[in-house]
Structure formats: C-alpha cells, structure tokens
Amino acid sequence: MRKFSSLTDQEILALAISNEEEDGRIYSDFAYALREKYPDTSKIFTDMSVEEDSHRRDLIDLYASRFGPHIPLIRRQDIADFMVRKPAWQVQTQGIEAVRQHARQMEMDAARFYRQAALRTTDAATRKLLGDLAHAEDQHEQAANAIELDRLPTSKRESEDEDARRRFVLQVIQPGLVGLMDGSVSTLAPVFAAAFATHQPWNAFLVGMAASVGAGISMGFAEALSDDGKLSGRGAPLLRGLICGLMTTAGGIGHTLPFLIDNFSTAMIAAVIVVVIELFVISWIRWRYQETPFGSAIVQIVIGGLLVFVAGVLIGSS
Numbered sequence: 001m002r003k004f005s006s007l008t009d010q011e012i013l014a015l016a017i018s019n020e021e022e023d024g025r026i027y028s029d030f031a032y033a034l035r036e037k038y039p040d041t042s043k044i045f046t047d048m049s050v051e052e053d054s055h056r057r058d059l060i061d062l063y064a065s066r067f068g069p070h071i072p073l074i075r076r077q078d079i080a081d082f083m084v085r086k087p088a089w090q091v092q093t094q095g096i097e098a099v100r101q102h103a104r105q106m107e108m109d110a111a112r113f114y115r116q117a118a119l120r121t122t123d124a125a126t127r128k129l130l131g132d133l134a135h136a137e138d139q140h141e142q143a144a145n146a147i148e149l150d151r152l153p154t155s156k157r158e159s160e161d162e163d164a165r166r167r168f169v170l171q172v173i174q175p176g177l178v179g180l181m182d183g184s185v186s187t188l189a190p191v192f193a194a195a196f197a198t199h200q201p202w203n204a205f206l207v208g209m210a211a212s213v214g215a216g217i218s219m220g221f222a223e224a225l226s227d228d229g230k231l232s233g234r235g236a237p238l239l240r241g242l243i244c245g246l247m248t249t250a251g252g253i254g255h256t257l258p259f260l261i262d263n264f265s266t267a268m269i270a271a272v273i274v275v276v277i278e279l280f281v282i283s284w285i286r287w288r289y290q291e292t293p294f295g296s297a298i299v300q301i302v303i304g305g306l307l308v309f310v311a312g313v314l315i316g317s318s
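The sequence shown: position 136 = 136 (the UniProt record's numbering), numbered continuously.
Written out as structure tokens, the structure is:
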C-alpha cells in the first residue's frame, strides 16, 4: 500500500475526488434505506449527498485546470492508515442513531486526517492543498449540521427515535424475552426433578440440556410461524424465531451448567444462585423495555419461578 506522505499533489487531489464520490454514495444509500421509516432523516442525507456532489464537481474543475482531464483512480483502501468508510448496509443494521453519528464522524475524520497530513509535509503547495481539503471537510460538517437543524427539528427527531425504540422492542426484545422467560422457568421443573430424584448432577445436566435444546427448537419454530410480521410490524419471522429459540436455549442452559459440578450440594447451591440471577435479569428487561414496575416484575417472575421450582423438587423427591 502507498503511504500518504508519498503522494504527489496530483494524486492527493485525485484521492480527494474519489473520497467525495464515495461519501456521496454512502449518503445516497442512507437516504434510500431510510426513506420509508425515517423520511425526515432521509431528506437530510439526500441534501448531504447533493452537497458532496457539489464539492466533487469543484474539485474536478480544480484538478482539470492544474493537471488535465485524466484522473487516476486512487482510493482510501489503497493508502496506508487512511480512514476507510464502513459500507452503508453495515451501519444501517446498528440503528438510526448510529447512522446519524456515522455521518457526523465521516466529516470529522476526513478533516482531521487532512489537517494532520498537512502538518507532516514540508512542501508548501502540498500543505496548502491539504489545508484547503481540511477546510472543505469542516464546511461539509457545518453544512450537515445546518441541514439537520433545518430538516429535523427536535420534535421530529424525538418522534423518529421513539419509533426506532418501539420497533426494536417489538422485533428483538419481545421475542428474546419470551424465549428467555420460557427457557428459564419451564426447564426448572425437569432439571431439579432429575437432580432430587437421582442425586446425580450428571443426570440433571443431561436432562437440563435436553430440555433446553428441545424448548429452544420448539419456541423458535412457534415464534417464526406465528405470523409473517407484515401486518403486526414484528419484523422478519426467521429473525424472530432465531432470537426466540436461542434465548430459550440460553435460559435453560444457564441453571443446567452448574450440574457439571460433581458434588451434589455444591451444584444445587450454584444452580439456585443462577436461577435467582436469571429471574432478576428477566425482571430488569421487563422494567427497562416494557415499562413494567420493577417491583411488580420481580414479584410476578419470582412467584412463577418459585412455583415451578417447588413442583420440580416435589416431583423429584416423591
């Protein structure tokens, strides 16, 4: 890979043109992906894409006046230590706020890179060019902030953020919580019944693993086949089923793993501690994402878990 310090003024300007083209495409991709769920933010990225295209044309005019019509292809990934942009699809999967932050960071990173590069060169013309590029990136950031204030006032931004939160709860938290509750509570009875019936931790471990994996498969299919998510807004059924199935299995395996301990009493104590932690985590999730009072969530989950635990102990001891 080339070092940035080895580039000529012509190559640096060609690189700047390539950067503007790539950034413009990223903004355009953001605008297209967000057009339905977040129309106001989508308009922001459309305007930013237009702004990048304007700067690209200015850079091309400057390049043509100095070096002629041919622009060599020099990209970020060809330069060592250059800030490479994440693809738009990768950022989009992290949520709307991540997209907004990524756009701000794009301009800040580019300006900082050019400014630092200008300090390392002793060539006056190159230093001037790098300084001009840093100033241009600063202007891009200021333009982006101005566009955001114009297009996305606080009320609209809060509305989009709340929509994103509700969608995340509906499509991820809800199926995950259903699975975690089922795996943590429903497997208590067979695991502890096997433990008290045999007093052999290994037998309890095998029963717990079988119950956890079986429940995970069952819950995963049940969630995936419940609806296609188009009318309910619950998202892709395959993703929901996968989340629900994995969380169900995880919930059951949690209090099954302690039975790998050979000593029965120690394994029982460790398993009970894990159960308490699981019930607390479930209660916290319900309080954090479903607005359930924490005390009420604790009571509901603990009572349900305690009843299943007692049922398992009684059956195993009979």
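Heads up, the beta-carbon is just placed ideally off N, CA and C, and yes, glycines get one too.
Annotated three-state conformation of arginine 57 is helix, per DSSP. Comparing alpha carbon positions, the residue from Met1, Ala88 and Ile44 closest to glutamate 22 is Ala88. Where tyrosine 38 is concerned, there is no enclosing alpha helix (DSSP H), because DSSP gives it neither an H nor an E. Take the alpha-carbon of methionine 106 and the one of arginine 112: they are about 10 Å apart.
Here alanine 236 is exposed: its Cβ has fewer than 16 other Cβ atoms, across all protein chains shown, within 10 Å.
Contact check for cysteine 244 against methionine 219 passes: the beta carbons are separated by less than 7 Å. Ranked by Cα distance from isoleucine 79, the first of Phe192, Ser65, Ala33 and Thr8 is Thr8.
Taken through DSSP and simplified to helix, strand or coil, isoleucine 79 comes out as strand. Counting C-beta atoms within 10 angstroms of its own C-beta, proline 293 has fewer than 16 neighbours from the protein chains shown and is therefore classed as exposed. Excluding the 5 residues flanking it on each side, isoleucine 60 has same chain C-beta neighbours closer than 8 Å at Ile17 and Ile71, in chain order. Setting aside the 5 residues that flank it on each side, valine 207 is surrounded in the same chain by Pro190, Val191 and Ala194, each with a C-beta closer than 7 Å to its C-beta; the list follows chain order. With respect to the C-alpha of phenylalanine 4, the residue from Thr46, Asp262, Gly251 and Arg75 having the closest C-alpha is Arg75.
The continuous alpha helix (DSSP H) containing methionine 247 extends over residues 237-254. Residue pairing for arginine 2: DSSP places it in a beta bridge opposite Ile79. Non-local C-beta neighbours of alanine 134 in its own chain, meaning closer than 6 Å and more than five positions away in sequence, comprise Ala111, Tyr114 and Arg115, ordered along the chain. Contact between glycine 183 and glycine 216 holds: CB atoms are separated by about 7 Å, below the 8 Å threshold. Counting along the chain, isoleucine 282 sits inside the alpha helix (DSSP H) bounded by residues 264-289. Nearest to leucine 257 by alpha-carbon distance, out of Val302, Asn203 and Gly295, is Asn203. The C-beta of arginine 100 has 16 or more other C-beta atoms within 10 Å across all chains shown, which makes the residue buried. The continuous alpha helix (DSSP H) containing proline 201 extends over residues 201-226.
Just so you know, the alpha carbons of glutamine 174 and histidine 102 end up roughly 28 Å apart.
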